[in-house]
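Working notes, beginning with the structure itself.
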Amino acid sequence: MEGKVKIIGTLNDKYKLIKFLGQGTTSRVYLAYNTQDNSQVAIKIFKPEFLNSGEAARQIFIDELSALLKLKHPNIVEMYDYGIDGSIIGDTVQMSGIWFIVLEYISERTMVDLIKQQGCMKEEVACFYFTQMVDVLTYIKSQGIAHRDIKLENMLVNNNYQLKFADFGFASFSQEKLTDQKGTPIYIAPEILENRLYDGEKVDVFSSGVCLFAMISGRYPITEWALPSDKLYSLIIQKKFEEYWNIFDQNGCYFSDACKELIQGMLTYDDCERLNLDEIAEHEWFSIYSTKGQDEIKDDYKKVPKDNIVRRGLLNSGEKGGTDPFTGITDGFIVEQEELCAYYNDGTELQIMDGITLQDIVQELENLCQERKKKGKSCSLDFNYSEEVQSQELDQKRKSLRLKIKDNLEIEVKFINYLQEGELSPIFIKFSLIKGYKLVMYDWIEKIKQILDEKELIEC
Numbered sequence: 001m002e003g004k005v006k007i008i009g010t011l012n013d014k015y016k017l018i019k020f021l022g023q024g025t026t027s028r029v030y031l032a033y034n035t036q037d038n039s040q041v042a043i044k045i046f047k048p049e050f051l052n053s054g055e056a057a058r059q060i061f062i063d064e065l066s067a068l069l070k071l072k073h074p075n076i077v078e079m080y081d082y083g084i085d086g087s088i089i090g091d092t093v094q095m096s097g098i099w100f101i102v103l104e105y106i107s108e109r110t111m112v113d114l115i116k117q118q119g120c121m122k123e124e125v126a127c128f129y130f131t132q133m134v135d136v137l138t139y140i141k142s143q144g145i146a147h148r149d150i151k152l153e154n155m156l157v158n159n160n161y162q163l164k165f166a167d168f169g170f171a172s173f174s175q176e177k178l179t180d181q182k183g184t185p186i187y188i189a190p191e192i193l194e195n196r197l198y199d200g201e202k203v204d205v206f207s208s209g210v211c212l213f214a215m216i217s218g219r220y221p222i223t224e225w226a227l228p229s230d231k232l233y234s235l236i237i238q239k240k241f242e243e244y245w246n247i248f249d250q251n252g253c254y255f256s257d258a259c260k261e262l263i264q265g266m267l268t269y270d271d272c273e274r275l276n277l278d279e280i281a282e283h284e285w286f287s288i289y290s291t292k293g294q295d296e297i298k299d300d301y302k303k304v305p306k307d308n309i310v311r312r313g314l315l316n317s318g319e320k321g322g323t324d325p326f327t328g329i330t331d332g333f334i335v336e337q338e339e340l341c342a343y344y345n346d347g348t349e350l351q352i353m354d355g356i357t358l359q360d361i362v363q364e365l366e367n368l369c370q371e372r373k374k375k376g377k378s379c380s381l382d383f384n385y386s387e388e389v390q391s392q393e394l395d396q397k398r399k400s401l402r403l404k405i406k407d408n409l410e411i412e413v414k415f416i417n418y419l420q421e422g423e424l425s426p427i428f429i430k431f432s433l434i435k436g437y438k439l440v441m442y443d444w445i446e447k448i449k450q451i452l453d454e455k456e457l458i459e460c
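Position 65 of the sequence shown, counted from 1, bears residue number 65 in UniProt numbering, the numbering being contiguous throughout.
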């Protein structure tokens, strides 16, 4: 129940931690305010269990700190403070020896959130954001740094629709060829996966190409890994581009010829053939689609009725284009390749299941499955009870629901009822991939969010 841990207290007698925002492998992030000027900040607190796992883990903190100290750019999250011996004091908690970084707080969303909320982007809009991405990467290259973890989840978007790069934990300062494996699976360049020497700029270019593709289509450009064995990426390696793009065209993912050429140049298997940042900035796609300024982008988003958005590939992929996607292209977009959880504590701020029963959730999932079958798509729901449960009543202590979305994708949703004497029982929900590709269909998790009164799912 690690996700339930909330540190509410004051860090170093200066920062009041008021809300848990989320976590990743290395750290937890909290919203806080500076008690000296009441400004809001985001505080990244590195997990002790991660730091204690070895010198390489501590080096991630050092690399991120070093990068943020050196980089000053309007599209990079600003760092305000840091430390390796912080202390938190609160009513129920007292901790010391904390490694932390205090950052600019971007109150809105990641690029993934923006796409989910507003729909896949027209190329004019994607160009607006991608121009900012290229500007940042060109700047950090000029400072002798490679990011090495470019992904949509690491790009924040503020109220003015300005892009902000975050998370420099995998940053490299070496001017030599690199060997260590860094990055997030679906974004990793083939030379890293194959343990070849690689150039930091070129792997950032590859990851940026994945981002651009996803911004426009809501899908990834590859099935799982950028390797010859990948059903989609093998077509890029063989330069069977017409066959490659036809797969997406047939399923409602449309790209201009200029955009296709740009993406092909960024996703090459041979990094020597891959475009560099200067070549990308000079590509004709920018001159064709760089037509919108920041005010126009804001106006466009205000005009789009959310109910009318066609979320191609992102949430309802097969519905635009009439057929399910090519085998190997998942129906959904990205979630962190970790389990996701939702829970509430009776009497605390996370009462996201107030008035919602387990039966309600199961019934709604069954309805969603029936809707999917009516559209000619495969779906089945199976209950699987743990050995400790004798009865198959829904109000028993522990049970799970297995969602067989497609032949190659199976997700398990575990409902765990932690009984407490004299109190309502919190329900802990886990989502995990049982088998198939690692791109888990986000639509199902999104629907369950709606059932849970549209509150946030917390990572385990």
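For glycine and all other residues, C-beta sits at the position ideal for the given N, C-alpha and C.
Notebook entry, point to check: Within this structure, are the beta carbons of A166 and Y105 separated by less than 7 Å?
Noted result: Position 166 of the sequence shown, counted from the first residue, corresponds to residue 166. Position 105 of the sequence shown, counted from the first residue, corresponds to residue 105. Not a contact, by the Cβ cut-off of 7 Å.
Note to self: So E64 and G183 are supposed to be a Cβ contact under 8 Å. How far apart are they, rounded?
What the structure shows: Taking the sequence shown and counting its residues from 1, one reaches residue 64 at position 64. Taking the sequence shown and counting its residues from 1, one reaches residue 183 at position 183. Not really, about 15 Å apart at Cβ, beyond 8 Å.
Item checked: Cβ neighbours of Y244 in the same chain (closer than 8 Å, five flanking residues each side left out) -> In the sequence shown, counting from the first residue as 1, residue 244 sits at position 244. Excluding sequence neighbours, Y244 sits near L232, L235 and I236.
Checklist line | With 16 other Cβ atoms within 10 Å as the buried cut-off, status of Y15 | finding: Numbered from its first residue, the sequence shown carries residue 15 at position 15. Y15 comes out buried.
Checklist line | In chain order, each alpha helix (DSSP H) run of at least 4 residues that lies wholly inside the segment 80 to 135 | finding: 111 to 118
Margin query: Pairs of beta-carbons, one from the segment 139 to 148 and one from the segment 187 to 204, closer than 8 Å: are there three or more?
Written below: yes
Item checked: As assigned by DSSP and simplified to three states, the class of G169 -> Numbered from 1 along the sequence shown, position 169 holds the residue referred to as residue 169. G169: coil per DSSP, three-state reduction.
Margin query: Using 8 Å as the cut-off, can you tell me whether the segment 79 to 97 makes contact with the segment 24 to 31, which would need three or more C-beta pairs spanning the two stretches below that distance?
Written below: no
Next item on the list: Evaluate E282 with the Cβ neighbour count: other Cβ atoms within 10 Å of its Cβ, from every protein chain shown; 16 or more gives buried, anything less gives exposed.
Entry: Along the sequence shown, one-based indexing puts residue 282 at 282. Result: exposed.
Margin query: Could you pull the DSSP bridge partners for N34 from this structure?
Written below: Taking the sequence shown and counting its residues from 1, one reaches residue 34 at position 34. N34 is bridged to Y15.
Next item on the list: Please name the residue in K260, V203, F173 and I263 whose C-alpha comes closest to that of C272.
Entry: Looking up residue 272 in the sequence shown gives position 272. Comparing Cα positions, the closest option is V203.
Check: Is DSSP giving K44 helix, strand or coil here?
Finding: What you label residue 44 is simply residue 44 of the sequence shown in a count that begins at 1. K44 falls in the strand class under three-state DSSP.
Next item on the list: Report back the beta-carbon spacing between G86 and N12 to the nearest angstrom; my notes put them in contact at under 8 Å.
Entry: Here residue 86 refers to the residue found at position 86 when the sequence shown is read from its first residue. Here residue 12 refers to the residue found at position 12 when the sequence shown is read from its first residue. Contact holds; Cβ gap of about 5 Å.
Next item on the list: Report the rounded CA-to-CA distance for Y220 versus E371, giving the unit in angstroms.
Entry: Numbered from its first residue, the sequence shown carries residue 220 at position 220. Numbered from its first residue, the sequence shown carries residue 371 at position 371. When rounded, the distance between both Cα atoms is 25 Å.
Margin query: Between W99, Y30 and L31, which has its C-alpha nearest L51's C-alpha?
Written below: As a working mapping, residue 51 is identified with position 51 in the sequence shown. Nearest option by C-alpha distance: W99.
Check: If we ignore side chains and look at the alpha-carbon of each, how far apart do G293 and L277 end up?
Finding: As a first step, residue 293 is located in the sequence shown; it is residue number 293 there, counting from the start. As a first step, residue 277 is located in the sequence shown; it is residue number 277 there, counting from the start. So the alpha carbons of these two residues sit roughly 22 Å apart.
Item checked: DSSP-derived helix/strand/coil call for Q23 -> Locating residue 23 in the sequence shown gives position 23, where the first residue counts as 1. In the structure shown, Q23 sits in a strand (DSSP, three-state: E or B).
Check: Are the Cβ atoms of N34 and L163 separated by less than 7 Å?
Finding: Locating residue 34 in the sequence shown gives position 34, counting from the first residue. Locating residue 163 in the sequence shown gives position 163, counting from the first residue. Against a cut-off of 7 Å, the Cβ pair of L163 and N34 comes out as no contact.
Margin query: Between which two residues does the beta strand (DSSP E) holding V157 run?
Written below: Taking the first residue of the sequence shown as position 1, residue 157 is located at position 157. Counting along the chain, the beta strand (DSSP E) containing V157 begins and ends at M155 to V157.
Check: CA-CA distance, F20 and K47?
Finding: Here residue 20 refers to the residue found at position 20 when the sequence shown is read from its first residue. Here residue 47 refers to the residue found at position 47 when the sequence shown is read from its first residue. Taking the straight line from one Cα to the other gives about 14 Å.
Notebook entry, point to check: Which first and last residues belong to the alpha helix (DSSP H) in which Q59 is found?
Noted result: Taking the sequence shown and counting its residues from 1, one reaches residue 59 at position 59. Where Q59 is concerned, the enclosing alpha helix (DSSP H) stretches over E55 to K70.
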